[in-house]
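Taken in order, the sequence shown gives residues 90 to 274; the numbers are from the working numbering. Glycine residues also receive a C-beta, built at the ideal position from the N, C-alpha and C atoms. Data first, discussion second: the structure below is written as structure tokens.
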Amino acid sequence: MNEDNKLIQDQFSKLPPELQKAIQTVPWKSSIKEIALLNDLNFEQVSLVERETMFVIYGFENPADYIGNLVREVHVEEEVATTIAGAVNEKIFNLISLKAEEFSNPQVAASSTPMPEVAPANLPMVEPGEIAHTVQHVEGQSTINNKQSMPPEPKKEAIPLAKIPDYRYKGGKDPYRASFPLLSP
């Protein structure tokens, strides 16, 4: 491990654990490449933008100096540097800070998701001012156990059943089918 990589690892380990997780979670290097290529930068300039962005993310450089560092190190116009800085701020810095907040407050992130109130579909709809039940409860003897109040069952008379006709042919032969002799050649 060379001197620069050791210095970068030391600085990364000094960052808060939530920020370390956020930096590792966000694919910021691929986002840098996309942003740099959209601004017509060559391969060397892409790596310089990546390095300057890493310096800000890891805390080596002040974010206020980011545009000036891009102009000086990447050799681009201030207009292009401002465009790059705006895109980096939107796609990388804000995303890393949001992830760091989520990792530091996991219960806030889970409860911040709005859940719509869903009414049960199986309940009757009662408008304001309406009464759901207007039938009064009747107390007294149960009519189920009181057999005297029930009318007598009617007597069932035997109904004669109709005879089913016999559909078989006389002699077992169908008169509509004729027997033909087999023709032989």
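Between the C-alpha atoms of residue i and residue j, what's the straight-line distance to the nearest angstrom?
i, j, result
"residue 190", "residue 162", "31 Å"
"residue 186", "residue 207", "33 Å"
"residue 170", "residue 100", "26 Å"
"residue 256", "residue 263", "11 Å"
"residue 103", "residue 110", "13 Å"
"residue 259", "residue 240", "54 Å"
"residue 167", "residue 178", "16 Å"
"residue 250", "residue 243", "20 Å"
"residue 219", "residue 211", "18 Å"
"residue 253", "residue 214", "56 Å"
With DSSP as the reference, label residue i as helix, strand or coil.
i, result
"residue 99", "helix"
"residue 152", "helix"
"residue 262", "coil"
"residue 247", "coil"
"residue 177", "helix"
"residue 91", "coil"
"residue 118", "helix"
"residue 218", "coil"
"residue 257", "coil"
"residue 206", "coil"
"residue 242", "coil"
"residue 165", "coil"
"residue 128", "coil"
Could you spell out where the alpha helix (DSSP H) holding residue i opens and where it closes?
i, result
"residue 143", "132-146"
"residue 109", "106-114"
"residue 228", "Taken as a continuous stretch (DSSP letters only), residue 228 belongs to no alpha helix (DSSP H), as it is neither H nor E."
"residue 183", "183-193"
If you measure from the CB of residue i, is any heavy atom of the ligand ADP nearer than 7 Å?
i, result
"residue 211", "Of ligands this structure carries none, so the ligand ADP is not represented either."
Flag this pair as touching only if the region 139-152 and the region 110-118 have three or more C-beta atom pairs under 8 Å; answer yes or no. Cβ pair count under 8 Å is three or more, so yes.
Would the region 145-159 and the region 121-133 be scored as touching if the rule is three or more Cβ pairs under 8 Å? Counting C-beta pairs with one atom in each stretch, the region 145-159 and the region 121-133 have fewer than three that are closer than 8 Å, which means they do not touch.
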